[in-house]
Amino acid sequence: MVPRFRQQWRSGALNLIAAGLLLLGHGRPIPPVDDFGWRCAQSSGQMVTLFVDSAVYRRPVAASVYLPPCYHATRAELPVIYLLHGANTDQTQWPDVGVAAAADGLIAEGAAPFVVVMPGGPYATNVDYEAFVLNDLLPGIEGQLRASRQGTGRAIGGISLGGYWALKTAFEHPGLFTSAGGHSPVTIRTAGPDDPSALAASAAGLDQLRITLDVGELDALRASTVQIAGTLRARGLAVTLTISSGGHNRPYWRAHTADYLRFYLDALTAARQPDATDDTIFWPHL
Numbered sequence: 010m011v012p013r014f015r016q017q018w019r020s021g022a023l024n025l026i027a028a029g030l031l032l033l034g035h036g037r038p039i040p041p042v043d044d045f046g047w048r049c050a051q052s053s054g055q056m057v058t059l060f061v062d063s064a065v066y067r068r069p070v071a072a073s074v075y076l077p078p079c080y081h082a083t084r085a086e087l088p089v090i091y092l093l094h095g096a097n098t099d100q101t102q103w104p105d106v107g108v109a110a111a112a113d114g115l116i117a118e119g120a121a122p123f124v125v126v127m128p129g130g131p132y133a134t135n136v137d138y139e140a141f142v143l144n145d146l147l148p149g150i151e152g153q154l155r156a157s158r159q160g161t162g163r164a165i166g167g168i169s170l171g172g173y174w175a176l177k178t179a180f181e182h183p184g185l186f187t188s189a190g191g192h193s194p195v196t197i198r199t200a201g202p203d204d205p206s207a208l209a210a211s212a213a214g215l216d217q218l219r220i221t222l223d224v225g226e227l228d229a230l231r232a233s234t235v236q237i238a239g240t241l242r243a244r245g246l247a248v249t250l251t252i253s254s255g256g257h258n259r260p261y262w263r264a265h266t267a268d269y270l271r272f273y274l275d276a277l278t279a280a281r282q283p284d285a286t287d288d289t290i291f292w293p294h295l
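If you're matching positions, the sequence shown starts at 10 in my numbering and goes up one per residue.
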């Protein structure tokens with residue numbers, strides 16, 4: 010077990026501990042440490058593909074996963090952002106709009122390390138994607154990665170129809186996430202009480218969430234996105250709404266991927282306040 014490093018410990022003692030762990034043969038070099046915790050000499054993270062067993066799909070489902078620099082250097086649980094793809098695409102959409110480069114850039118600027126999970130799985134009328142997220146994806150990822158198992162360490166968002174499922178899932182289970190986002194989101198699909206547009210007016214516990222919505226000024230979903238933001242604001246809930254130039258396409262989302270990650274990280278940082286029992290290790294980037 011990696012010990013909990015506290016700022017009040019002297020850096021000399023920390024370096025002795027790191028050296029001792031290395032001598033014990035943990036199998037890989039351990040980065041030097043200082044008064045702030047681990048130092049990481051890597052400049053970029055890595056994209057990997059994992060599979061989670063799914064009862065919803067009755068088969069394993071692929072997920073693209075961003076692991077931060079020096080992920081393997083600590084055993085701490087890391088905050089995790091779940092990003093859902095749009096319709097007629099898969100786990101490759103978010104990587105294509107620049108998640109890895111945006112995440113590397115934020116960590117280089119001093120953000121704490123985090124994981125991004127981008128699952129696949131096609132949307133269909135007979136598929137309950139919310140059940141997939143809750144019952145297959147979260148436990149499947151948490152069983153394979155050091156990803157937070159607490160609501161204060163999770164965020165969820167999605168593009169287009171993925172935005173529908175992200176908002177629906179978070180609105181119906183606000184305690185499982187610290188923030189939720191819809192990026193050019195579909196807000197009405199069944200015209201039923203569990204659409205995000207309806208949940209925005211009636212769901213309990215939404216004051217626990219930070220919510221972000223954005224849409225291109227030329228997007229056909231602009232009016233419905235503005236409407237759901239107004240519904241949330243009428244309840245006095247925290248929601249940001251951004252309308253930018255562009256349409257419903259990858260160039261628009263690619264231009265704002267870093268902004269999306271920054272919002273989720275700000276919410277995660279505010280929610281995760283380390284205390285005397287927190288195992289989370291934050292390292293400054295070199």
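Backbone N, C-alpha and C fix where the C-beta goes; we use that ideal spot for every residue, glycine too.
{"Item": "Burial state of PHE180 (16 or more Cβ within 10 Å)", "Value": "buried"}
{"Item": "Nearest-angstrom beta carbon gap, TYR132 and LEU92 [assumed within contact, 8 Å]", "Value": "15 Å between Cβ atoms; not a contact."}
{"Item": "Option nearest PRO78 by Cα separation, candidates ARG244, ILE90, ALA175, ALA120", "Value": "ALA120"}
{"Item": "Same chain only: Cβ atoms within 6 Å of ALA210, ignoring 5 sequence neighbours per side", "Value": "THR240"}
{"Item": "Segment contact flag, the segment 228-247 with the segment 73-87, C-beta cutoff 8 Å, min 3 pairs", "Value": "no"}
{"Item": "Of the listed residues ALA164, ALA264, ASP275, nearest to LEU253 (C-alpha basis)", "Value": "In the sequence as displayed, the identity of residue 253 is Ser instead of Leu. Among ALA164, ALA264, ASP275, the Cα nearest to that of SER253 belongs to ALA264."}
{"Item": "Bridge partners - ILE252, DSSP secondary structure assignment", "Value": "VAL224"}
{"Item": "PRO128 in three-state terms, based on DSSP", "Value": "strand"}
{"Item": "Status (buried if at least 16 other CB within 10 Å, exposed otherwise) for THR249", "Value": "exposed"}
{"Item": "ARG271 (DSSP reduced to helix, strand or coil)", "Value": "helix"}
{"Item": "Segment contact flag, the segment 211-223 with the segment 189-202, C-beta cutoff 8 Å, min 3 pairs", "Value": "yes"}
{"Item": "Separation of PHE141 from ARG68, as counted between CA atoms", "Value": "11 Å"}
{"Item": "Between the CA atoms of ASP113 and PRO128 - distance to the nearest angstrom", "Value": "20 Å"}
{"Item": "Nearest to TYR75 (by Cα), restricted to the options ARG198, CYS49, ILE116", "Value": "ILE116"}
{"Item": "Opposing strand residues paired with ARG219 [DSSP bridges]", "Value": "SER188"}
{"Item": "Beta-carbon proximity of VAL61 to VAL89, cut-off 7 Å", "Value": "no"}
{"Item": "In DSSP terms, what TYR80 is bridged to", "Value": "According to DSSP, which records beta bridges pairwise, TYR80 is partnered with nothing at all."}
{"Item": "C-beta atoms of HIS257 and SER193 nearer than 7 Å", "Value": "yes"}
{"Item": "Contact belief for ASP203 with LEU246 at Cβ below 8 Å, rounded distance in angstroms", "Value": "Their Cβ separation, rounded to whole angstroms, is 18 Å, which puts ASP203 and LEU246 out of contact at 8 Å."}
{"Item": "Between the CA atoms of ARG281 and ALA267 - distance to the nearest angstrom", "Value": "21 Å"}
{"Item": "C-beta atoms of SER206 and ILE165 nearer than 7 Å", "Value": "no"}
{"Item": "Neighbourhood of TYR269 by C-beta distance below 7 Å, restricted to the same chain and skipping five residues each side", "Value": "GLY166, GLY190, HIS192"}
{"Item": "Cβ neighbour criterion (16 or more within 10 Å) applied to PRO8", "Value": "Since the displayed the chain opens at 10 and closes at 295, residue 8 lies outside it and no answer follows."}
{"Item": "Residue range of the unbroken beta strand (DSSP E) whose run includes GLN102", "Value": "It is not in any beta strand (DSSP E) - GLN102 instead sits in the alpha helix (DSSP H) that spans 102-105."}
{"Item": "TYR173 beta carbon less than 7 Å from that of ARG155", "Value": "no"}
{"Item": "Three-state secondary structure assigned by DSSP to ASP145", "Value": "helix"}
{"Item": "Residues of its chain near GLU151, where Cβ-Cβ distance is below 6 Å and the 5 sequence neighbours each way are ignored", "Value": "ARG158"}
{"Item": "C-beta atoms of GLY255 and GLY225 nearer than 7 Å", "Value": "yes"}
{"Item": "Boundaries (first-last residue) of the beta strand (DSSP E) holding TYR91", "Value": "89-93"}
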